[in-house]
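Read the structure below first, then the notes.
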Amino acid sequence: MTSPSQVRLKPGDTIGILGGGQLGRMLATAASRLGLRCQVFSPDPDSPAFDVVANASCAEYADVEALELFASDVDVITYEFENVPASAALVLSARRPVLPDRMVLETTQDRLAEKDFVTQLGIGTAQYADVNSVASLRQAIARIGLPAVLKTRRFGYDGKGQALIRSPDDDLDHIWQELGTKAAILEAFVPFEREISVIAARAADGQVECFDVTENEHRDHILKVSRAPAAIPERLAAEARDIARRIANALNYVGVLAVEMFVLADTTGHKVLVNEIAPRVHNSGHWTLDGASISQFEQHIRAIAGWPLGKPVRHGEVTMTNLIGEEIHTYPQWLTVPGATVHIYGKGQPRPGRKMGHVTQVGVAAGTKSG
Ligand code: AMP
2 MTSPSQVRLK
12 PGDTIGILGG
22 GQLGRMLATA
32 ASRLGLRCQV
42 FSPDPDSPAF
52 DVVANASCAE
62 YADVEALELF
72 ASDVDVITYE
82 FENVPASAAL
92 VLSARRPVLP
102 DRMVLETTQD
112 RLAEKDFVTQ
122 LGIGTAQYAD
132 VNSVASLRQA
142 IARIGLPAVL
152 KTRRFGYDGK
162 GQALIRSPDD
172 DLDHIWQELG
182 TKAAILEAFV
192 PFEREISVIA
202 ARAADGQVEC
212 FDVTENEHRD
222 HILKVSRAPA
232 AIPERLAAEA
242 RDIARRIANA
252 LNYVGVLAVE
262 MFVLADTTGH
272 KVLVNEIAPR
282 VHNSGHWTLD
292 GASISQFEQH
302 IRAIAGWPLG
312 KPVRHGEVTM
322 TNLIGEEIHT
332 YPQWLTVPGA
342 TVHIYGKGQP
352 RPGRKMGHVT
362 QVGVAAGTKS
372 G
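According to the working numbering, the sequence shown is numbered sequentially starting from 2.
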């Protein structure tokens, strides 16, 4: 099989993207500006990414024949979501280079494996424990203390598959039943001062380029606003970038990844803890589309194409505001705001919590719609 360092696409070549959401759509758009084609594989016929590519493969991830056909149509394969089934990644990687490597998925699909991996690198995380029964949950609480967050090991996103345990009097049997899995971890609740993320790109030759550290505000566990640069001292920003670089190197990563972190202010000074690694382009990096000389999407495409990474230069203070659910209906107002750039993902129904679009503003305070 071709090793990642041997992949060198030329304009006109085709990238296969697994997943048809807004991230796939923005990846395909970035690729198209570089003269590269994309083919998107997704089981959902309404995939927003299908709208921007000439060729779509609409099939289940378990459909081996469809996967093989898809692989034969493309030169390299990447993904826009981390829950790519291992079996699909295996079928594809036997036929075409899959970047980032499918082994990355094994680490990042499982919160326990991911935390173990980060810890082994000597990087801090919240205290955590493996939990597989109510009895082990009680033991974990005794060790870690409360409050604590119980999370499913797999398939959790945007706060789904999580429960906050506040007091020893909470109904643990009920909480455990509700979680609906036997594979979970308990994490100490982190009294963070702020949440930040680093979007880093790594090329097959080991070159790493980080975007400026982003500060993230969540509402109901869903990212609402990102600001770049984060309002943190340069020493902390350098530490955050170094953490992302070490993780990317240890994974022998090719492409863009996001590392979400908590910043803690304690009596001994600031501390950075890793919350989560996303092996893909990330919502907190959307500001780079309009707020930097090169976007996270272009960096990812360059990395998997075997092209040199860009050195991203930020255009100013940048704010990205997500349009979630019904908020998408405010787009006409946003369109009239000087300096605002509106992105609409072309999704169907605006369900609660569904990311429908975003707005980027360079040099303007977050959420400014008028005046
Ligand atoms: P996650 O799905 O792990 O990224 O969690 C979603 C959000 O829940 C995070 O961005 C935090 O705002 C919050 N959260 C997750 N884990 C913790 C924790 N251990 N302590 C405090 N807040 C947390």
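The beta carbon of each residue, even a glycine, is placed where N, CA and C say it ideally should be.
Boundaries of the alpha helix (DSSP H) in which residue i is found, first to last residue
i      : result
Arg220 : Taken as a continuous stretch (DSSP letters only), Arg220 belongs to no alpha helix (DSSP H), being part of the beta strand (DSSP E) at 215 to 220.
Asn56  : It is not in any alpha helix (DSSP H) - Asn56 instead sits in the beta strand (DSSP E) that spans 56 to 59.
Thr30  : 23 to 34
Glu107 : 103 to 109
Three-way DSSP call (helix, strand, coil) for residue i in this model
i      : result
Lys312 : coil
Met357 : strand
Leu324 : strand
Ile18  : strand
His287 : coil
Ile233 : coil
Lys116 : helix
Val77  : strand
Glu318 : coil
Thr337 : coil
Thr126 : strand
Ala95  : coil
Whether residue i touches residue j by CB criterion (8 Å)
i      : j      : result
Ile248 : Met262 : no
Thr79  : Gly349 : no
Ala202 : Ala67  : no
Val135 : Leu173 : yes
Glu83  : Gly22  : no
Glu210 : Leu106 : no
Ile145 : Ala164 : no
Gly125 : Leu274 : yes
Tyr62  : Pro46  : no
Span of the beta strand (DSSP E) around residue i
i      : result
Glu261 : 256 to 267
Arg203 : 195 to 203
Phe42  : 38 to 43
Ile345 : 341 to 345
Asp131 : 129 to 132
Gln163 : 163 to 166
Val150 : 149 to 153
Leu187 : 185 to 189
Neighbour-count burial assignment, residue i, 16 or more Cβ in a 10 Å radius
i      : result
Thr153 : buried
Arg97  : buried
Lys312 : exposed
Ser371 : Confidence at Ser371 is low in this model, with a pLDDT of 40, below 50, so its placement is unreliable and the value that follows should be read with caution. Its Cβ having fewer than 16 others within 10 Å, Ser371 is exposed.
Glu336 : According to the sequence as given, residue 336 is Leu; it is not Glu. Classification for Leu336: exposed.
Gly368 : Here the model assigns Gly368 a pLDDT of 47, short of 50, so the residue's position is not dependable, and the following value carries that caveat. Exposed.
Gln208 : exposed
Ala31  : buried
Lys116 : buried
Lys161 : exposed
Gly36  : exposed
Arg9   : exposed
Gly181 : exposed
Gln40  : buried
Ala149 : buried
Arg242 : buried
Gly358 : buried
His301 : buried
Leu70  : exposed
Residue-level contact to chain C via CB, residue i, 8 Å cutoff
i     : result
Pro44 : The chain inventory of the structure shown lacks chain C, comprising one protein chain alone.
Could you say if the region 175 to 189 and the region 128 to 144 meet the contact criterion of at least three C-beta pairs nearer than 8 Å?
Taking 8 Å as the limit for Cβ pairs, the verdict is that the region 128 to 144 does touch the region 175 to 189.
Counting Cβ pairs closer than 8 Å, one from the region 193 to 201 and one from the region 224 to 240, do we hit at least three?
Short answer: they touch.
Below 8 Å, how does it come out for the region 277 to 293 and the region 213 to 223: are there three or more Cβ pairs, yes or no?
A contact between stretches requires three or more CB pairs, one per stretch, nearer than 8 Å, and the region 277 to 293 meets this requirement with the region 213 to 223.
Would you be able to state if there are at least three C-beta pairs under 8 Å between the region 109 to 124 and the region 312 to 328?
Contact annotation: the region 312 to 328 does not touch the region 109 to 124, with fewer than three C-beta pairs closer than 8 Å.
For the 8 Å Cβ check, are there 3 or more pairs between the region 43 to 58 and the region 9 to 28?
Yes: at least three Cβ pairs fall under 8 Å.
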